[in-house]
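Chains as they are written, first to last, in our numbering: chain D, 2 to 138; chain W, 21 to 100. Ideal Cβ positions, reconstructed from N, Cα and C, are used throughout, including at glycine.
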Amino acid sequence: MIIVDDHLALLAIAGRLPDLGDRGPVVTTCCFQFRMARAVSDSGRSGRLSRRVADPMVASQRVLHPPANRLVVLDPRSSMDDTVRVALTHRANLLLAELVGAAVSRQASIRLTRANVGRSWPAVMEAEGVDLAIIDV
Amino acid sequence: MYAQAVHRTNIYLTESEQAGLDARAAAEGSTRSDVVRGIVDRELNLAEDTDLDDILGELAAELADRARALASDDPDVRIE
Numbered sequence: 002m003i004i005v006d007d008h009l010a011l012l013a014i015a016g017r018l019p020d021l022g023d024r025g026p027v028v029t030t031c032c033f034q035f036r037m038a039r040a041v042s043d044s045g046r047s048g049r050l051s052r053r054v055a056d057p058m059v060a061s062q063r064v065l066h067p068p069a070n071r072l073v074v075l076d077p078r079s080s081m082d083d084t085v086r087v088a089l090t091h092r093a094n095l096l097l098a099e100l101v102g103a104a105v106s107r108q109a110s111i112r113l114t115r116a117n118v119g120r121s122w123p124a125v126m127e128a129e130g131v132d133l134a135i136i137d138v
Numbered sequence: 021m022y023a024q025a026v027h028r029t030n031i032y033l034t035e036s037e038q039a040g041l042d043a044r045a046a047a048e049g050s051t052r053s054d055v056v057r058g059i060v061d062r063e064l065n066l067a068e069d070t071d072l073d074d075i076l077g078e079l080a081a082e083l084a085d086r087a088r089a090l091a092s093d094d095p096d097v098r099i100e
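Shown next as structure tokens:
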């Protein structure tokens, strides 16, 4: 299982995911889905997306309910114990704690785009034994 | 003929599930397999939209930038 950030999740939904250097189902977290859905909805109201899509709601729905053969959104409840532990141990915010907690509980790898790697994130993931790789897109 | 290749899959259903599928198939003039495929497609959001795929793929980097900007003053979901 490979957990991806919002940028890679969008590419996954579009069927344009680059090589992630690992095999398995591609998934994302609720926090990354929230970031992605908020950006798509915001852009649908005011940005380039609204000029490209006749009905921006269709794009929002695609992100809120992604095709499961391309991207699955993880249920945060199933890894809440690890999420809470990561938040307390590493003083991580919800985005990082959910990401690392999900990876630990499912023994999943993490793939992030370069702009979405926080300063402390690689050290947290290394301490938790999580396989992290940065994907340049 | 099918629009895509199909694969034979054996699943176990309860009597009521089987009866429900058969009733739906009879009402729609289709088959049990058609009904199951339709349910699976809807549940897993598998309807294809290649135009939307193209647009989301082209705008992915821009939308990721927008996601970071929107999260910049949102401590729960910003990149720290």
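Helix, strand or coil at residue 79 (chain D) [DSSP, three-state]: Three-state result, residue 79 (chain D): helix.
With 16 other Cβ atoms within 10 Å as the buried cut-off, status of residue 1 (chain D): Residue 1 (chain D) is absent from the structure shown; chain D starts at 2 and stops at 138.
Unbroken beta strand (DSSP E) run spanning residue 133 (chain D), endpoints: 133-136
Which residues DSSP lists as bridging residue 4 (chain D), in chain order: BP columns for residue 4 (chain D) point to D:28 and D:111.
Three-way DSSP call (helix, strand, coil) for residue 74 (chain D) in this model: Secondary structure at residue 74 (chain D): strand, using DSSP grouped into helix, strand and coil.
Proximal residues of chain W, C-beta to C-beta of residue 14 (chain D) below 8 Å: 73 and 76
Beta-carbon proximity list for residue 67 (chain W), same chain, < 8 Å, skipping 5 on both sides: 61
Proximity test, Cβ basis, 8 Å: residue 76 (chain D) and chain W: Chain W, which has no Cβ nearer than 8 Å to the Cβ of residue 76 (chain D), makes this no.
Pairwise C-alpha distance: residue 86 (chain W) and residue 73 (chain W): 19 Å
Outcome for residue 33 (chain W) when other beta-carbon atoms lying within 10 angstroms are tallied against a minimum of 16: exposed
Beta-carbon spacing of residue 127 (chain D), residue 87 (chain D) below 8 Å: no
Contact set between the region 8-41 of chain D and chain W, restricted to residues whose Cβ is under 7 Å from the partner: Answer set for the region 8-41 of chain D: 8, 11, 12, 14, 15, 16, 17, 32, 35, 36, 37, 39, 40 and 41.
Distance between residue 39 (chain D) and residue 26 (chain D) (C-alpha atoms, nearest Å): 24 Å
Closest by C-alpha distance to residue 124 (chain D), when choosing among D:30, D:90 and D:114: Residue 124 (chain D) has its Cα closest to that of D:90, out of D:30, D:90 and D:114.
DSSP three-state assignment for residue 26 (chain W), whether helix, strand or coil: coil
Delimiting residues of the alpha helix (DSSP H) encompassing residue 59 (chain D): For residue 59 (chain D), the enclosing alpha helix (DSSP H) begins and ends at 57-65.
Segment limits, alpha helix (DSSP H) that includes residue 123 (chain D): First-last of the alpha helix (DSSP H) with residue 123 (chain D): 122-128.
Residue 133 (chain D) vs residue 119 (chain D) beta-carbon contact at 8 Å: no
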